[in-house]
Amino acid sequence: MGKNYETVIGLEVHVELATKTKIFCGCSTAFGGEPNSHTCPVCTGMPGSLPVLNRQVLEYAIAVGLATNCEITRDAKFDRKNYFYPDNPQNYQISQLYLPICRNGKVEIETKKGKKYVGIHEIHMEEDAGKLIHDEREDCSLVDYNRSGVPLLEIVSEPDMRDAEEVIACLETLRMLIQYLGASDCKMQEGSMRADVNLSVREAGAKEFGTRTETKNLNSFRAIMHVIEHETQRQIDLLEEGREVVQETRRWDDNKGYSYAMRSKEDARDYRYFPDPDLMPVHVSEEMLEEIRAKQPEFRAERIERYRREFDIPAYDIGILTETKQMADLFEETTALCGQPKKVSNWLMGETLRLLKERNEDPEDIRFSPKHLAKLISLVDAKEITGSVAKDVFVKMFEEDIDPEAYAEEQGLKTVNDESALRRTVERVLTENPQSVADYKGGRQKAIGFLVGQTMRAMKGKADPGLVNRMLKELLG
0 MGKNYETVIG
10 LEVHVELATK
20 TKIFCGCSTA
30 FGGEPNSHTC
40 PVCTGMPGSL
50 PVLNRQVLEY
60 AIAVGLATNC
70 EITRDAKFDR
80 KNYFYPDNPQ
90 NYQISQLYLP
100 ICRNGKVEIE
110 TKKGKKYVGI
120 HEIHMEEDAG
130 KLIHDEREDC
140 SLVDYNRSGV
150 PLLEIVSEPD
160 MRDAEEVIAC
170 LETLRMLIQY
180 LGASDCKMQE
190 GSMRADVNLS
200 VREAGAKEFG
210 TRTETKNLNS
220 FRAIMHVIEH
230 ETQRQIDLLE
240 EGREVVQETR
250 RWDDNKGYSY
260 AMRSKEDARD
270 YRYFPDPDLM
280 PVHVSEEMLE
290 EIRAKQPEFR
300 AERIERYRRE
310 FDIPAYDIGI
320 LTETKQMADL
330 FEETTALCGQ
340 PKKVSNWLMG
350 ETLRLLKERN
360 EDPEDIRFSP
370 KHLAKLISLV
380 DAKEITGSVA
390 KDVFVKMFEE
400 DIDPEAYAEE
410 QGLKTVNDES
420 ALRRTVERVL
430 TENPQSVADY
440 KGGRQKAIGF
450 LVGQTMRAMK
460 GKADPGLVNR
470 MLKELLG
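Right, here's the structure in full:
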């Protein structure tokens, strides 16, 4: 390869908002449901039906705009984007082209190369389309309009990113801000956050951008990284061969690991945008703006600073705990109840993350309450259950949010504090393991570890290991 090339990347990120009802009607946005059961004349595009804006959508859009340092458009409008597709019931999508709700923002990202800002060109509100289900057995396509009219925010970045690491850092930053706001769960695997990657290459040092392609609807970081790698190489190969890159929309096949052209890239003219005649312009008053600004939560950067001041836990723990609002809230609420920040952190960083990973779940899926985790920590502190029993109880608590104390009582898991019963068990273990006793008396200190283990096993884990250790040493003389 003769020349040095630079990749230029911009993103269009679609985020499904966490409202209970759709953007222009009162239908439920709940995930799942029988096909076409969350529908009405508005979201199925019946003639004569009139849309009415859901105020919560506007509030979420402004909150995300403030969090991404955008200017809020005080007088915004909705526009019709006209295109025919079977899952688009009106034959147009209500979106915002001329006066989007947020403009000219930026987010700070951090990668191995350091910190930098990525510009946010605009954020606009729009409705989602329905969903086509292709039935190969019957050789037909069926339409489900449950998703039609679900509110979306489209976040359009400036072409400020130069590699996959910066793109992932930008998406993670946006996801974290939006989750902290409670505006969306941003679960990529469920489609509530998906990204289109706009990518071009140019010779290093060139001022002009190259011709870009857009790869649509990517819903995992892995797919995004593969697309950037594949598309960068594809465009460089074309330029090296003296051919032109065609501006087009592409689709990525993650199973086969390649992309293909879907259609030549449309331009705004192709969609025949015009202001939606059925929706009033949106005026954002100073009072509304101040009210939303006052409700903005404490974001991750501020939480990290406060945790450093308030809690005696390592910086690494703080970094992991604040990655999601759910984990940070759980940490704070549990610590407030038991006053043991390091122990709370250990349970969350250890067993909780291990079980989430095993079950392929997210922190948002955690079912156990701060009250029950605090109680479990107190039971171990009071030596009412042992550490190993606590781990077994925690698994049950993780699955069903049981009361750990009641469960330990019912299952007979509480520590046996009857010294005479323990002494009898220790004496039996010593009788059954003469070799280990001889090793210990011969100066091999490690042999006691085996004897402690055997005693704990005989006691089914329900003895205090410290007490077992002391009793063994005493009986071994």
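Quick note on numbering: the sequence shown equals residues 0 to 476 in numbering that gives the first Met the number 0.
The beta-carbon is built from N, C-alpha and C at its ideal position, and this holds for glycine as well.
Please read these numbers as outputs of a predicted model, since none were measured by experiment.
Leaving aside the five residues before and after residue i along the sequence, list all residues of the same chain whose C-beta is less than 7 Å from its C-beta, in chain order.
i, result
"residue 62", "180, 182, 291 and 295"
"residue 226", "196, 214, 217, 251 and 258"
"residue 325", "362, 363 and 365"
"residue 477", "Nothing about residue 477 can be read from this structure; the chain reaches only from 0 to 476."
If contacts are defined as beta-carbon pairs under 8 Å, then residue i and residue j qualify, I think. What distance do you get, rounded to the angstrom?
i, j, result
"residue 174", "residue 192", "6 Å"
"residue 78", "residue 274", "6 Å"
"residue 383", "residue 414", "6 Å"
"residue 391", "residue 371", "Rounded, the Cβ-Cβ distance is 15 Å, inconsistent with contact."
"residue 8", "residue 166", "6 Å"
"residue 75", "residue 99", "7 Å"
"residue 113", "residue 105", "Their Cβ separation, rounded to whole angstroms, is 16 Å, which puts residue 113 and residue 105 out of contact at 8 Å."
"residue 164", "residue 110", "5 Å"
"residue 337", "residue 377", "6 Å"
"residue 125", "residue 154", "Contact flag wrong, Cβ pair sits at about 11 Å."
What are the start and end residues of the beta strand (DSSP E) that includes residue i?
i, result
"residue 101", "101-110"
"residue 124", "113-126"
"residue 154", "150-156"
"residue 93", "91-94"
"residue 501", "With the chain running from 0 to 476 in the structure shown, residue 501 is simply not present."
Which same chain residues, not among the five before or five after residue i, have their C-beta less than 8 Å away from its C-beta?
i, result
"residue 321", "299, 302, 303, 306 and 327"
"residue 468", "447 and 451"
"residue 49", "41 and 277"
Tell me, please, which residues DSSP counts as bridged to residue i.
i, result
"residue 273", "79"
"residue 197", "9 and 213"
"residue 498", "Because residue 498 is not part of the residues shown, which for the chain are 0 to 476, the question remains open."
"residue 14", "152 and 192"
"residue 160", "8"
"residue 282", "74"
"residue 247", "263"
"residue 257", "252"
Sorted by chain position, which residues of the same chain lie with C-beta nearer than 6 Å to residue i's C-beta, five sequence neighbours on each side aside?
i, result
"residue 3", "203"
"residue 436", "429"
"residue 459", "none"
"residue 0", "Here residue 0 scores only 47 on pLDDT, less than 50, and its place in the model is too uncertain to base an answer on."
"residue 235", "4 and 200"
"residue 422", "none"
Indicate whether at least one CB of chain B lies closer than 8 Å to the CB of residue i.
i, result
"residue 394", "Absence of chain B from the displayed structure is noted, only one protein chain being present."
Could you check if residue i is buried or exposed, using at least 16 other CB atoms within 10 Å of its CB as the buried criterion?
i, result
"residue 51", "exposed"
"residue 199", "buried"
"residue 282", "exposed"
"residue 207", "exposed"
"residue 147", "buried"
"residue 249", "buried"
"residue 473", "exposed"
"residue 84", "exposed"
"residue 308", "exposed"
"residue 21", "buried"
"residue 433", "exposed"
"residue 373", "buried"
"residue 465", "exposed"
"residue 344", "buried"
"residue 131", "exposed"
Could you give the first and the last residue of the continuous alpha helix (DSSP H) run that contains residue i?
i, result
"residue 143", "From DSSP, residue 143 is part of no alpha helix (DSSP H) but of the beta strand (DSSP E) over 139-143."
"residue 481", "Here the chain has residues from 0 to 476 only, and residue 481 is not among them."
"residue 231", "220-239"
"residue 333", "324-337"
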